[in-house]
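If you read the sequence shown in my numbering, its first letter stands for residue 191, the second for the next number, and so on.
Working notes, beginning with the structure itself.
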Amino acid sequence: MVSIRIRKVSKRSLAGLQQPFEYDSDSHYKVTTQKTGDGWAINLNRRPFQKTFKKREVWPLVIFYKGSSEIYVAERGKKRCGVIQFEFEAWHKTVRIWDLYVSRDCHRTGVGSALMEKCKERARALGARRIILETQTSNSNAIDFYLDQGFDLVGMDLTNYTNEDAARNEVRLEMAYHIGNSKPAPSKNVENGKARTPKHRAKR
């Protein structure tokens, strides 16, 4: 069993930190749209990439448009191995996840689940009705994780990043966890900011 500590940190302590946004993916969700007589037919179907899709970007973690967000880090021993940043948008009772990152050597150790559990805990305390996040059709591993966490697809933008997003199989998706009626996430035995689990971007 490995102990994971979740700790809130100040934005000032992370000012200037450049956060990597990276993933490899062997599959994607192909988006097709077709105008019908009285509407549109929209389909998303999982397909393999012909070669592994690799995403590598770096963004400042603390930036003005993330407003009054909260930041929590995950630590295993003395090692910081993950971070989540989210903001409560009171006007529509929504918590928006701006960043969720787990270092590669901490994948499948329970870190992502522990960070997400902290976000759900705070969302309930703030009186939110849902948690929302952005991901991409190219990031199938992240989509699988969010589905396991009780999130579901609530929207998409076919030209959010470029006018060729659909052709590049990198379409922006919005996924949401609805407080009170989402399927429960598998228990990770999280108490008092700590989780004990077996070894286990959104950012965008």
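Cβ coordinates follow ideal geometry from the N, Cα and C atoms, glycine included.
In the structure shown, residue 201 adopts helical secondary structure according to DSSP, grouped into three states. If the five residues before and after residue 265 are omitted, its C-beta is found closer than 6 Å to the C-beta atoms of 195, all from its own chain and listed in chain order. Here residue 285 has 276, 277, 278, 279, 309, 312, 313, 316, 318, 320, 321 and 322 as same chain residues with Cβ atoms under 8 Å from its own Cβ, once five neighbours each way along the sequence are excluded. Spatial neighbours of residue 292 in its own chain (CB-CB distance under 6 Å, excluding positions within 5 residues in sequence) are listed in chain order as 272, 301 and 302. The C-alpha of residue 219 lies about 14 Å from the C-alpha of residue 336.
One Cα belongs to residue 243, the other to residue 349, and the distance between them is close to 19 Å.
Nearest to residue 307 by C-alpha distance, out of 364, 283 and 338, is 338. By the CB criterion at 9 Å, residue 234 and residue 221 fall inside the cutoff. In this chain, the alpha helix (DSSP H) harbouring residue 301 covers 301 to 316.
If you look at residue 334, you'll find it in the alpha helix (DSSP H) that goes 330 to 338. For residue 264, the secondary structure class from DSSP, reduced to helix, strand or coil, is strand. Under DSSP, residue 327 shares a beta bridge with no residue. Contiguous beta strand (DSSP E) elements confined to the stretch 270 to 302 occur at 284 to 292, taking only those with 3 or more residues.
Separation of the CB atoms of residue 328 and residue 359 is rounded to 5 Å, and the pair is thereby assigned contact status at 8 Å.
In this structure, 239 is the residue among 198, 212, 239 and 225 with its C-alpha nearest to the C-alpha of residue 357. Residue pairing by DSSP places residue 321 opposite 285 and 367 in a beta bridge.
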